[in-house]
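Heads up, the sequence shown is in full-length UniProt numbering, so the first residue is 1 and it goes up one at a time.
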Amino acid sequence: MPNIFYFETPSEAFGHGVGSYTNNLLGALDELDSSCKLYYVRLSFNKQAGFSSKKINAKRTDIQIVLNDTNVKQGQSEIGLKPLMARAVICLLSNFFDEKVKTVFHLNTVLQLALADLATEYEFKVVYTNHVSLWRVFYQNNLNEFIKDWKSEDVNNKKNAFFRSIVLEKKLCQQSDHIISLTDESKRFVQKYYGLSDQNQVHVIPNGLIIDNQSKGLSREIIKLRLGFNNNDFIFLYLGRLTEQKGVDTLIKSFSKAVKSMPNARLLIVGKGNMEHYLEISAQFCAKISFTGYADKENVKRYCAIADVGLIPSMTEQSSFTVLEMLSYNIPMIVSDIPAFEKPFKDKINVIKAETDTLGRVDEKNLATQMLNLYKNPELRNRLSKNGKTLFEAHFTARHMAEKTIQLYLS
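As structure tokens, this is what we get:
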């Protein structure tokens, strides 16, 4: 019966996909009948140090550790755990360790590398989930540029914070007993560039979602009315951060082309970002494009309940929780044709894939064409809706994710 220590440290990633991963994985683990004991360890920094623990159920204990690190600035969001602080964490957790059973550290970011170092020292096992393709983010999908720097001896590259993050991730992967990649493409990259002693230590386990898509029993018509839409409005929905990397600029330009042939179409953009910029580039079609800003879980349910088509035009993704959420709502999807949406996503079968260039940028004209095609073709929408839900249930439930993760804990 292994003891699993699942760590959360201050990071913007925990406010986005990693936070969703944590909530869904731990929620599913709570429901499974396994022999693992789980300790959910949340680390934070403040002037006043502290420690508390709370037993959630027979298998899970939540632990809060507040560390006093004078080098951490107030409001700092990305905080790497220093070796001294990591050792303090180990000391605070010592009463929960049991020499008679296996101890596993589940880590989620390179900011937790110091914990992996200590796990090696104490002969604990390490499971690391590789949530983000750092090279894709830092090099904007330009593999040739990454390879040039990766092979270079240029000291300036080695001092670059982005490049150092990739080097640290390589070290973390090398110290891990099991690496969870969210996609096949991510697995191939880690195996090829991170110099692993055992290629079989990398496992593909896509994100999984706990289904919770009931919106207080309100009808679609009532929700539309309350949100200021007409009953016959055709809603294209985007959920996510408002950034160029997420393809929002391209999305607005594509919709602006297609909407001329879709008189009752509306584009609903849900998420936070540089609102001023996006309001400016959509000003000509302001009556057709709505921005909500940040939306809580209950409002996201309402937006999904009225959506006719979901849109994910990202340049890079791993295993998008937004896609999974839309699939769980039976929303027909248009996604960018990028490695994150390789198998089991099939063009014109369970999603529509918008054409992209070698850097993952969606073709504006093609996306507009795909939007117009779905708008005019209810039969295609129905097929995508049905097949998309089947895809979700077969591959992307939280239970599926948790069961595969437990296998790694036990191995």
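For glycine and all other residues, C-beta sits at the position ideal for the given N, C-alpha and C.
**Request:** For HIS106, write down the residues that DSSP places opposite it in a beta bridge.
**Result:** TYR6, VAL127
**Contact between the region 275-291 and the region 312-326 (3+ Cβ pairs under 8 Å)** = no
**Request:** Out of ASN142, PHE5, PHE45, state which residue places its alpha-carbon closest to the alpha-carbon of THR103.
**Result:** Ranking the options by Cα distance to THR103, first place goes to PHE5.
**Asked** When the Cβ atoms of the region 381-388 are set against those of the region 191-205, are three or more pairs found closer than 8 Å?
**Response** no
**Asked** Leaving out the 5 sequence neighbours to the left and right, which residues in its chain are closer than 6 Å to LYS260 when beta-carbon positions are compared?
**Response** none
**Message:** Residues in the same chain with beta-carbon distance under 8 Å from ILE406, minus the five sequence neighbours each way, listed in chain order, please.
**Reply:** LEU29, LEU32, SER34, CYS36
**Request:** Identify which residue in LEU359, PRO344, PHE236 has its Cα closest to the Cα of PRO332.
**Result:** PHE236
**Message:** For the alpha helix (DSSP H) containing GLN370, name the first residue and the last one.
**Reply:** 364-376
**Prompt:** Apart from the five residues on each side of it in sequence, which residues of its chain come closer than 8 Å, Cβ to Cβ, to LYS257?
**Reply:** Excluding sequence neighbours, LYS257 sits near GLU364, LYS365, ALA368.
**Message:** Tell me whether the region 340-349 and the region 221-241 touch, counting them as touching only if at least three CB pairs, one residue from each stretch, are closer than 8 Å.
**Reply:** no
**Prompt:** Which value, in whole angstroms, describes the spacing of the CA atoms of SER320 and LYS100?
**Reply:** 39 Å
**Request:** Compare the beta carbon distance of HIS131 and VAL18 with 8 Å and say whether it is the shorter of the two.
**Result:** yes
**Item:** Completely contained beta strand (DSSP E) runs for the region 189-213, where each covers 3 or more residues
**Value:** 202-204
**Asked** Are GLY27 and ILE210 touching if we call contact CB-CB under 8 Å?
**Response** yes
**Message:** I need the boundaries of the beta strand (DSSP E) containing VAL335, first residue and last residue.
**Reply:** Segment 333-336, the beta strand (DSSP E) holding VAL335.
**Asked** For the region 135-153 against the region 80-94, are there 3 or more C-beta pairs whose distance is under 8 Å?
**Response** no
**Message:** Please report the distance separating the alpha-carbon of SER411 from that of ASN200.
**Reply:** 13 Å
**Prompt:** Residues in its own chain within less than 6 Å of THR120 by CB, not counting five upstream and five downstream?
**Reply:** GLN175
**Those residues which DSSP pairs with VAL351 across a bridge** = ASP347
**Asked** Taking all protein chains shown into account, do 16 or more other C-beta atoms lie within 10 angstroms of the C-beta of GLY50, making it buried, or fewer, making it exposed?
**Response** exposed
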